[in-house]
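Report on one structure; see the data block that follows.
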Amino acid sequence: MEPQVATGWDARADIARRPLQIRGRFFTAVALRLGGAPDQGFYAALDARLEQTPNFFAGAPLVVDLEGAEGLATAADIAALADALRQRRLSVFGVQNGTAAQEKAAAEAGLIALAGGRDAPLRGAFKPEAAAPAARTARPPVDLAPALQLEPAPAPEPEPAPQVNRLITRPVRSGQTVVAEHGDLTIVGPVSSGAELIAAGNVHVYGQMRGRAMAGINGDLEARIFCQSLDAELLAIAGLYRTSDTLGPELRKSSVTVFLDGERLCVERLG
Amino acid sequence: MSKVIVVTSGKGGVGKTTSAAAIGAGLALRGHKTVVIDFDVGLRNLDMIMGCERRVVFDFINVIQGDAKLKQALIKDRRVDTLSILPTSQTRDKDALTQEGVEKVLGELREEFDYIVCDSPAGIERGAQLAMYFADEAIVVTNPEVSSVRDSDRVLGLLNSRTRKAEEDGTIPAHLLLTRYDAKRIESGEMMKVEDVLEILAIPLLGIVPESTAVLRASNTGTPVVHDETSGAGRAYRDAVARLAGDSVEMKIAGDEKPGLFQRLFGRTA
Amino acid sequence: MKVFGFNFGARKSSSADTAKERLQILLAHERGSGAPGPDYLPLLQRDILEAIARHVKVDRDAVDIRMERDADLSSLEINIELPKRAAAR
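Residue numbers (the numbering used here), protein chains in the order written: chain A, 598 to 868; chain B, 621 to 890; chain C, 1042 to 1130.
What follows is the structure in structure tokens.
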């Protein structure tokens, strides 16, 4: 009965018995694209760039994008690069787009090889007042593009895609899964036992809600679930969930809103 | 214009084959050229329910594999001349069904028949999916109990995603046929109420067929129960068929008539 | 129907008898033919057609095979439509 998305055990119910919690989490990292093997010109450009925004990249998790940097092939080369970056307060932890030999060399230098990821705008914690325009205009030899490194989903706070809501006006049947990856999910019709609703934002159900709903799957703690008639098997927000067993009979078939209050998943009657 | 109707349920033992036979025979009794196809490869039963098991020479699989022509495999019903049966193979397994083969046979049948009723195997595997894939409409056979209702719901999900009609139109018309309805057990709370089933499945109701000894008797003698006009089940199927054909018939739960003992001999109720 | 309990019992056994008889005939055939089921029929059809084709040209579609099984004997009815010219000859 585990939900398929980032989940956590219900802290309120289980933390006393369980020594640890496991949750999927998404982080933003900065990708540093090399134009070629790093030389004096590269470090000069990098220093110039870092000088423009001294605190912007300080301590930022960083991935070296090896595309087009075939010359950088030995573990010693990569270790030297990592050292040079760390001296500049860049917390390099991985590489991507490398050849098999490069990935092996990176592993020897203590860096992990990452697959996938996609570019995201620089926002949130990484956003200094004057940095954004500079970041966009700068191009190789140093290109600092923020990228999401941990597949498969976008980061929690810097929402990469614009909000796209989804509206379903048909019954959602047992065995069906409806996902709103980048926004709210609204169902007009019944949701059967064994059906799953998954949304980055809120979940609204206008009809009997007998299935499972997971809102805020990317970690949005403000996400809510609204049910016109609650009879759900499972309700989850940002990975915290309650099942029908812990929902209690008193709210059954009533209109409710479900939200997070700290580490507690609250179900409250509407109206 | 021909119509392919799949009779399906997910769960086994709910009355799919009985319903497919009754609805096929009922449509034929109304004068429509109708064929009923057995998709349950390896577990042939439609021929027994239709009473033509001794006349099976070639089957659906023989036709798909090119061993026989369609007209050689079709068995004409002896009671209603507008009705034909296409039996399945008892010896092969479901892998003998191919999508192209099913499409080709259905295409040929569409040229000759008004209604093509596909009797689906239980489950949601390949056989059941092939039975539904080319359908224009679906009849979901459900008993008023939780496991059957849940399976029907699952099947409705498949119907609305894994059929050509749904791929084209986004949805396929589906009707609910509630079978083995037992008023006493519903009253005592052992079985689900009709309105509860309807609320969960949210599709229009085609008919309510009461639990009836007439159904067993019909299977025993190989006569689709729709021919038994004295039984509540027989009349319920007639009403369901009328609704399927577009008539507006009041929904009532038919009990068995209490005929004299003499009328109980089957088929003497003219 | 409980009201007709006594009669119901009698009637049930009669239709159940019919069912038993039907099944016996069917299963005897399915078990008896070595390979279960009438899968030899496509081969038989082919052989018959080949034999006839040595003498007249017949369309494969023009063959109609019907079977009737019973407790004691089964009959296989094969109708072959001969082309007009062949029949006239």
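Glycine included, C-beta positions come from ideal geometry on N, C-alpha and C.
_I1103(C), buried or exposed, once every other Cβ within 10 Å from all chains shown has been counted against 16_ = What sits at residue 1103(C) in the sequence shown is Ala, not Ile. With fewer than 16 Cβ atoms within 10 Å of its Cβ, A1103(C) is classed as exposed.
*Which of helix, strand or coil DSSP assigns to K696(B)*: In this structure, K696(B) counts as strand in the three-state DSSP scheme.
*asked:* Buried or exposed for R683(A), going by 16 or more other Cβ atoms inside 10 Å?
replied: Around the beta carbon of R683(A), a 10 Å sphere encloses fewer than 16 other beta carbons of the protein chains shown; the residue is thus reported as exposed.
*Establish whether the CB of G842(B) and some CB of chain C are separated by less than 8 Å.*
It does; some Cβ of chain C falls within 8 Å.
_Chain-ordered residues of the segment 783-802 of chain A with a beta carbon less than 9 Å from chain B_ = So the list reads G786, P787, S789, S790, G791 and A792, given in the order they occur along the chain.
*Cβ atoms of I1106(C) and V760(B): under 8 Å apart, would you say?*
The answer is no: Cβ separation not under 8 Å.
*Along chain B, in chain order, which residues have C-beta atoms closer than 9 Å to that of A1069(C)?*
Within 9 Å Cβ-Cβ: nothing; A1069(C) doesn't reach chain B, min ~11 Å.
*Can you tell which of M670(B), G635(B) and H652(B) has its C-alpha closest to the C-alpha of A1063(C)?*
Per the sequence presented here, residue 1063(C) reads as Arg, with Ala not at that position. Here the closest residue by C-alpha is M670(B).
*asked:* Quick check on R1095(C) - is its C-beta less than 8 Å from some C-beta in chain B?
replied: R1095(C) does not count as touching chain B.
*asked:* I need the straight-line Cα distance from A1092(C) to I1119(C), nearest angstrom please.
replied: Using only the alpha carbons, I get a separation of about 14 Å.
*By the criterion of Cβ-Cβ separation under 7 Å, what are the contact partners of P768(A) in chain B?*
The answer, in chain order, is A822.
_Suppose only complete runs of 4+ residues qualify. What are the alpha helix (DSSP H) ranges in the segment 670-707 of chain A, listed by chain order?_
When DSSP assignments are scanned along the segment 670-707 of chain A, the uninterrupted stretches of alpha helix (DSSP H) that are 4 or more residues long and fall wholly within it turn out to be 672-684 and 697-705.
_Three-way DSSP call (helix, strand, coil) for L892(B) in this model_ = Because chain B is modelled from 621 through 890, residue 892(B) falls outside the range shown and cannot be assessed.
*Do L649(B) and Y735(B) come within 8 Å of each other at the CB atom, strictly closer than that value?*
At a Cβ-Cβ threshold of 8 Å, Y735(B) and L649(B) do not count as neighbours.
*Using a threshold of 8 Å, state whether the C-beta atoms of G786(A) and R763(A) are closer than that.*
Against a cut-off of 8 Å, the Cβ pair of R763(A) and G786(A) comes out as no contact.
_For S832(B), tell me which candidate among K804(B), T628(B), M621(B) and D739(B) has the shortest Cα-Cα distance._
Taking only the C-alpha atoms, the option nearest S832(B) is K804(B).
*Once you ignore the five residues that flank R809(A) on each side, which residues in its own chain have a CB closer than 6 Å to its CB?*
Same-chain partners within the cutoff: E793, E830 and L831.
*Taking the alpha-carbon positions, what's the E726(A) to P635(A) distance?*
Any reading at E726(A) needs caution, since the residue's pLDDT is 35, under 50, leaving its predicted position unreliable; the model's value is listed next. If you take the alpha carbons of E726(A) and P635(A), they lie about 29 Å apart.
*Determine the direct distance from the alpha carbon of E819(A) to that of G639(B), and round the result to whole angstroms.*
Sequence check: residue 639(B) is Ser here, not Gly. Their Cα atoms are separated by approximately 51 Å.
*Buried/exposed call for P743(A), threshold 16 Cβ in 10 Å*: Model confidence at P743(A) stands at a pLDDT of 44, short of 50, so the residue's coordinates are unreliable; what they give is reported in the following sentence. Buried, since its Cβ has 16 or more Cβ neighbours within 10 Å.
*Once you ignore the five residues that flank E664(A) on each side, which residues in its own chain have a CB closer than 6 Å to its CB?*
Hits under 6 Å: N694.
*Identify the continuous alpha helix (DSSP H) that holds S639(B) and give its terminal residues.*
K636 to L649 is the span of the alpha helix (DSSP H), which, as asked, contains S639(B).
*Which runs of the beta strand (DSSP E), 3 residues or longer, sit entirely within the segment 830-864 of chain A?*
DSSP assignment within the segment 830-864 of chain A yields the following whole beta strand (DSSP E) runs of 3 residues or more, N-terminal first: 831-834, 837-840 and 853-858.
*Are any of the Cβ atoms in chain C nearer than 8 Å to that of A941(B)?*
A query on residue 941(B) cannot be resolved here, the shown segment of chain B reaching from 621 to 890 and no further.
*Cβ neighbours of I873(B) in the same chain (closer than 8 Å, five flanking residues each side left out)*: Excluding sequence positions up to five before and after I873(B), its CB lies within less than 8 Å of the CB of Y801, A803, I828, P830, G852 and A856, all in the same chain and listed in chain order.
_In DSSP terms, what Q805(A) is bridged to_ = Answer is S826(A).
*Could you check what DSSP says for N762(A) in three-state terms: helix, strand or coil?*
The three-state secondary structure of N762(A), taken from DSSP, is coil.
*Using Cβ-Cβ distances below 8 Å, what residues of the segment 687-712 of chain B are close to chain C?*
Cβ contacts with chain C come from D687, A688, K689, K691, Q692, S709, Q710 and T711.
*For I705(B), I'd like the list of residues in its chain whose CB is within less than 6 Å of its CB, leaving aside the five on either flank, ordered along the chain.*
Annotation for I705(B): V656, M670, C672 and I695 place their beta carbon closer than 6 Å to its own, counting only its chain and skipping 5 residues before and after.
*From this set, A1069(C), L1117(C), V1097(C) and E1109(C), which residue's C-alpha is nearest L1085(C)'s C-alpha?*
Minimum Cα distance to L1085(C) is reached at L1117(C).
*Which word fits K1098(C), buried or exposed, when buried means at least 16 other C-beta atoms lie within 10 angstroms of its C-beta?*
So K1098(C) ends up on the exposed side.
_Chain-ordered residues of the segment 801-816 of chain A with a beta carbon less than 9 Å from chain B_ = When CB distances to chain B are screened at a threshold of 9 Å, the residues of the segment 801-816 of chain A falling below it are G804, Q805 and R807, in chain order.
*Beta-carbon of M665(B) versus every beta-carbon of chain C: anything under 8 Å?*
In the sequence as displayed, the identity of residue 665(B) is Asn instead of Met. The beta carbon of N665(B) does not come within 8 Å of any beta carbon belonging to chain C, so the residue lies off that interface.
*Would L825(B) count as contacting chain A if we go by Cβ distances under 8 Å?*
Chain A, which has no Cβ nearer than 8 Å to the Cβ of L825(B), makes this no.
*Residue burial classification, V761(A) (beta-carbon count within 10 angstroms, cutoff 16)*: It counts as exposed.
*Neighbour-count burial assignment, E847(A), 16 or more Cβ in a 10 Å radius*: By the neighbour-count definition (other C-beta atoms within 10 Å, threshold 16), E847(A) is an exposed residue.
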